[in-house]
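Going by the working numbering, the sequence shown opens with residue 63, and the numbers climb by one from there. Beta carbons are placed, not taken as given, at the ideal position from N, Cα and C, and that holds for glycine.
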Amino acid sequence: MLVGRDVPLRRPGPHELLVRVRAAGVNFADLVMRQGLYATVPPRPYSPGFEVAGEVEEVGTEAAPCKPGDPVVALMRYGGYAERVVVGTNQVFKYPPALSPALAAAVPVVFLTAWICLFEAARARAGETALVLGAAGGVGTAAVQLAKSRGLQVIGTAGGEAKCAFVRNELGAAACADSRTDWETRVREIAGPRGIDVALDPVGGPATASCRRLLAPLGRLVFFGLSSAIEAGGRNWLRVARAWLSTPRFHPYSLVEPNIGVMGVHLLHLGSREGLFAPALEEIFRGVTAGTWRPIVNRVFPLTQAGAVAAHRHLHARQNVGKVVLVVKETA
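Dropping the structure here:
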């Protein structure tokens, strides 16, 4: 249950910043955490929200080089659905002031996840073929754009022809298969006998087995979600169990003869990799400012209890194409 609540405002410590939130990104992971399906879930009550955009309001004594007024985005484990957040300096990144807070808040989680899946985990390179499941979602819309700009042929999947048309016509994918049909056969027809070099899978269940079968020799499967476990009506343990049990387990030897690799990515558990996020976000924001890539903001809701509930319902119903953002009233 999402409930609005006033809480005392904490002052920032020496290596922390107080950020006035103007917009907060809503991610599918917020729904997963709210339903208690992550291995590490904060004790209730807690505020959801993995990313915010706003400006620095107060700096700790050792929080240089940020200063009050700087436009920043922040990544956090939770707590972003708030008017103000206190975050460590290593969680904060400046964004170009030419971007609105709503656009800036739509960037960090989805673009960083797509970037790390493609270029750090899979080491995708020009001339390869990439398969992006859920290509009309937040990470998917970012991944299609990033991969295409780096010279990959991109094939997507999405739920319904309208979403597939968006992936092809607006994002530039070479093709998009309707995930409600036999998409594996369709992707195989498009990719040809060589197969897929890189597959990004946020779905799990039987879709993961399909991705594995589609991989070319030296192909890489990057798994970063289990969206097939979530349904609109709330937590359904039978559905969760079905998704979990139908997701393949890979014995190392099973990867040897087909010459394939499998990796997992969880953005919020990469904080220990110092220096990974900042240069990637700098390049991403440069590309967004230049028009090379664009955050796809599907819906904007107010950052209120009612707005957060509506935003979660919108995602649960799979109605979004791209990102959903919560915006503080005075910036709407």
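Start and end of the alpha helix (DSSP H) containing residue i?
i, result
"residue 251", "245-253"
"residue 229", "223-231"
"residue 302", "299-308"
"residue 272", "268-276"
Starting from residue i, follow its DSSP beta bridges and name the residues at the other end.
i, result
"residue 116", "83 and 134"
"residue 262", "194 and 284"
"residue 238", "218"
"residue 155", "135"
"residue 99", "According to DSSP, residue 99 bridges with nothing at all."
"residue 150", "78"
"residue 121", "79"
"residue 65", "Its beta-bridge partners do not exist; DSSP assigns none."
Would residue i be called buried (16 or more neighbouring beta carbons within 10 Å of its own) or exposed?
i, result
"residue 245", "buried"
"residue 251", "exposed"
"residue 351", "exposed"
"residue 243", "exposed"
"residue 80", "buried"
"residue 354", "exposed"
"residue 68", "exposed"
"residue 169", "buried"
What residue from the options has the CA that sits closest to residue i's CA?
i, options, result
"residue 89", "377, 181, 196 and 256", "377"
"residue 407", "283, 193 and 109", "Given a span of 63 to 394 for the chain in the structure shown, any question on residue 407 remains unanswerable."
"residue 238", "69, 197, 271 and 269", "197"
"residue 125", "148, 368 and 185", "148"
"residue 153", "334, 92 and 205", "334"
"residue 184", "341, 270, 344 and 280", "280"
"residue 77", "128, 110 and 105", "128"
"residue 73", "387, 122, 131 and 287", "122"
Kindly indicate the opening and closing residues of the beta strand (DSSP E) around residue i.
i, result
"residue 388", "385-389"
"residue 324", "323-326"
### Query
If you scan the stretch 333-380 from start to end, which runs of the alpha helix (DSSP H) of 4 or more residues do you find wholly inside it?
Correct list: 339-352 and 367-378.
### Inside the stretch 159-204 only - beta strand (DSSP E) runs reaching at least 3 residues
With a minimum length of 3 residues, the continuous beta strand (DSSP E) runs that stay inside the stretch 159-204 are 191-194.
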